[in-house]
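There are 2 protein chains.
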Amino acid sequence: MNRETVYTCYVKDKGRRLIGVVSLRDLVTRDPELPISELMVEDVVFVNVFDDREEVSKVFKRYEFFAIPVVDNEKRLVGIITFDDIMKAIEEETTEDIERMAGVMGTDDKGYFETSILRQVRNRLPWLIILMASAMLTGLVIAYYEDQLALIPSLIIYLPLLMGTGGNAGSQSSTLIIRGLALGEVAPKLALQVLFKELRIALLAALALSLLNMAKILFLDGQPFEIALTVCTAQIIVVIIAKCLGGMLPLLAKKVGIDPALMAGPLIASLVDTFTCFVYLSLSMVILSMF
Amino acid sequence: MNRETVYTCYVKDKGRRLIGVVSLRDLVTRDPELPISELMVEDVVFVNVFDDREEVSKVFKRYEFFAIPVVDNEKRLVGIITFDDIMKAIEEETTEDIERMAGVMGTDDKGYFETSILRQVRNRLPWLIILMASAMLTGLVIAYYEDQLALIPSLIIYLPLLMGTGGNAGSQSSTLIIRGLALGEVAPKLALQVLFKELRIALLAALALSLLNMAKILFLDGQPFEIALTVCTAQIIVVIIAKCLGGMLPLLAKKVGIDPALMAGPLIASLVDTFTCFVYLSLSMVILSMF
Chain A
0 MNRETVYTCY VKDKGRRLIG VVSLRDLVTR DPELPISELM VEDVVFVNVF DDREEVSKVF
60 KRYEFFAIPV VDNEKRLVGI ITFDDIMKAI EEETTEDIER MAGVMGTDDK GYFETSILRQ
120 VRNRLPWLII LMASAMLTGL VIAYYEDQLA LIPSLIIYLP LLMGTGGNAG SQSSTLIIRG
180 LALGEVAPKL ALQVLFKELR IALLAALALS LLNMAKILFL DGQPFEIALT VCTAQIIVVI
240 IAKCLGGMLP LLAKKVGIDP ALMAGPLIAS LVDTFTCFVY LSLSMVILSM F
Chain B
0 MNRETVYTCY VKDKGRRLIG VVSLRDLVTR DPELPISELM VEDVVFVNVF DDREEVSKVF
60 KRYEFFAIPV VDNEKRLVGI ITFDDIMKAI EEETTEDIER MAGVMGTDDK GYFETSILRQ
120 VRNRLPWLII LMASAMLTGL VIAYYEDQLA LIPSLIIYLP LLMGTGGNAG SQSSTLIIRG
180 LALGEVAPKL ALQVLFKELR IALLAALALS LLNMAKILFL DGQPFEIALT VCTAQIIVVI
240 IAKCLGGMLP LLAKKVGIDP ALMAGPLIAS LVDTFTCFVY LSLSMVILSM F
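For the record, the sequence lines run as chains A and B.
Per numbering that gives the first Met the number 0: the first sequence = residues 0 to 290.
Per numbering that gives the first Met the number 0: the second sequence = residues 0 to 290.
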């Protein structure tokens, strides 16, 4: 009899099936003459041996028990999970999520120093390669507009700013949605509400950013108005697309059964980079031809 | 008497000071004639009312109790924290960390849909502005090398690739260190070990990436060797600096009392963007002048 299992006593029938639960409190505070069958609560919350730990964590959070019985498919009691196991499991789940959100794919629950150099490289390299491939696509878009850039070289000065703002705006949204999914506050069926909310947030944020940017380009950089207009219009479009993409991709991933944590900052930023170049440079051809 | 507090009984002296703890198990299983003073354990783990929740979470994780007494500065018992409070606190701490790592500054523990549009904008805009300012610096570096870019326009095609790889490589490192700090696996005093480890990981990852990249630039893009050499050398330098910076900045922040979660992907990527442009374009002047 150890500390973990003494305060909640599970009642089994002859076939080892779980039929009830009785607390030590009831055993000591209620009439000692009463049979267990009178004391026990028959409506027991339990989990199945095949449930994954994320599911079990949710049961713990919902009921706030400090122990939950585990049964097999015939409802035979096979073990008990206690809150400290679950705290560890939640911590490991969260670490895995956070790492995946940064493009680190480790699956072993070892600490930073316990993971070997080679293992670390193996955990980090796949996403770096995928994201490098995605960045090559961005390079292709730039190559396509090379003549335009040669014509107006100052356009390139604002490219890092646009790519940066877009990537960051998208990361913010995807992170909030990924965390919301993990906590059960957001679900794929709420996609339209998320889209509408991100759209309005993006519009306000984009206007604020591009006003600041407009002032800086005109008065500090001393660029002509058409350059400022191109950059700021591109910025508004990019922030809006980035935030909507950041909000939608994790929901889509969840819907089709991919881990939403993969649709985080690095991937969003890479995708946003590509269409930022496209939006900015194609827009520049339209706007600059009007002046 | 509620469920949460019945299984662990705290013993106070006349001045309400906490002097011991006795478990319900001992009360019911040991000799009923024994006085409480014989049954109780005097070495009680407790927390202070002024401890922050991160500190309290660590005590819970260390001891795996399901309740911990809270005392004031005179060691008078003022309350009890149970594991379910702590599970919620850890969850909120983690959410705050994850959001900060994406440049979202919310401090209220409300869910995604409960946070108003204006509040969301206020949570997200400050970092977007800071990072935009940082991206403007990158623009200055590019403006400085404008002549070089005009001379060899194909250099610009590889800029997003270099900035992307650097940012992602740095994010990976900073994320692992930030999480390691939160879990107590990494500490500022281990900075040299972290630096040495990141250096070796960076070297291996950078070599792998730049070999792939070299092949692609030479054989797919058909660029001359000096362009491939410039891009790949820059990539190795950038990945190494990014990973070391990503590993060190969270430790430095912790050391000086800033939340390490702020030294995450977005900030690292912005810093890396600036020196990527500098390293790449200055390197191109050196290497291309040799051919």
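Glycine residues also receive a C-beta, built at the ideal position from the N, C-alpha and C atoms.
Small disclaimer: the values here were computed from a predicted structure and weren't measured.
Neighbourhood of G264 of chain A in chain B, by CB distance below 8 Å: A101, S170, G264, P265, in chain order.
Put simply, the CB of V120 of chain B is near chain A, with a gap under 8 Å to one of its CB atoms. Taking a C-beta distance under 8 Å as the contact criterion, M131 of chain A and L160 of chain B qualify as a contact pair. Between V238 of chain B and L282 of chain B, the alpha-carbon positions lie close to 15 Å from each other. The beta carbons of S115 of chain B and E92 of chain B sit no closer together than 8 Å. With contact defined as three or more Cβ pairs closer than 8 Å, the region 182-196 of chain B and the region 179-194 of chain A are not in contact. The residues N122, R123, W126, in chain order, have a CB closer than 8 Å to that of V103 of chain A in the same chain once the five nearest residues on each side in sequence are set aside. The region 21-82 of chain B is shown to contain whole alpha helix (DSSP H) runs of 4 or more residues at 23-28, 35-38, 52-62, in chain order. Cβ contact annotation for F290 of chain A (same chain, cutoff 7 Å, sequence separation greater than five): E225, in chain order. In this structure, the CA atom of V43 of chain A is about 36 Å from the CA atom of E32 of chain B. At least one C-beta of chain B is nearer than 8 Å to the C-beta of A207 of chain A. Excluding residues up to 5 positions away in sequence, I141, L154, I155, L280 lie with their Cβ nearer than 8 Å to the Cβ of L148 of chain B in the same chain.
Secondary structure note for Y6 of chain B: it is in no alpha helix (DSSP H), with a DSSP letter that is neither H nor E. At a cut-off of 8 Å between beta carbons, T229 of chain A makes no contact with chain B.
Between V46 of chain A and the set A:A207, A:I80, A:P265, the nearest pair of CA atoms involves A:I80. When the five nearest sequence neighbours on each side are left out, the beta carbons in the same chain lying within less than 6 Å of the beta carbon of D71 of chain B are those of V48, V77, in order along the chain.
Leaving aside the five residues that flank I235 of chain A on each side, the residues in its chain whose CB is nearer than 6 Å to its CB run, in chain order, A205, S209. Looking at the DSSP output, L17 of chain B bridges to B:K11.
Against chain A, the beta carbon of V20 of chain B has no neighbour under 7 Å; the closest one sits roughly 13 Å away.
Burial check for R61 of chain A: the Cβ neighbour count within 10 Å stays below 16, so the residue is exposed. For F112 of chain A, the chain B residues whose C-beta falls within less than 9 Å of its own C-beta are G179, E184, V185, L189, Q192, V193, K196, listed in chain order. If the five residues before and after S269 of chain B are omitted, its C-beta is found closer than 7 Å to the C-beta atoms of L130, S133, A134, all from its own chain and listed in chain order.
Proximity of A142 of chain A to chain B, defined by a Cβ-Cβ separation below 8 Å, is satisfied. Taken through DSSP and simplified to helix, strand or coil, F277 of chain A comes out as helix.
The C-alpha of P249 of chain B is placed about 10 Å away from the C-alpha of V255 of chain B. DSSP places L202 of chain A in the uninterrupted alpha helix (DSSP H) bounded by 190-214. In the three-state DSSP reduction, G256 of chain A falls in the coil class, being neither helix nor strand. Shown here, F112 of chain A sits in coil according to DSSP, grouped into three states, outside any helix or strand.
Put simply, the backbone Cα of T94 of chain A is about 7 Å away from that of R178 of chain B. Rounded to the nearest angstrom, the Cβ distance from G245 of chain A to M100 of chain A is 12 Å, too far for a contact under 8 Å.
If you look at P159 of chain A, you'll find it in the alpha helix (DSSP H) that goes 158-181.
From the listed residues B:A181, B:F112, B:K196, B:L158, the smallest Cα separation to G183 of chain A is found for B:F112.
Nearest C-alpha to G138 of chain A among A:K11, A:M284, A:V120, A:L158: A:L158.
Assigned with DSSP and collapsed to three states, M289 of chain A falls in helix. In this structure, the beta-carbon distance from A233 of chain B to V271 of chain B does not fall below 8 Å.
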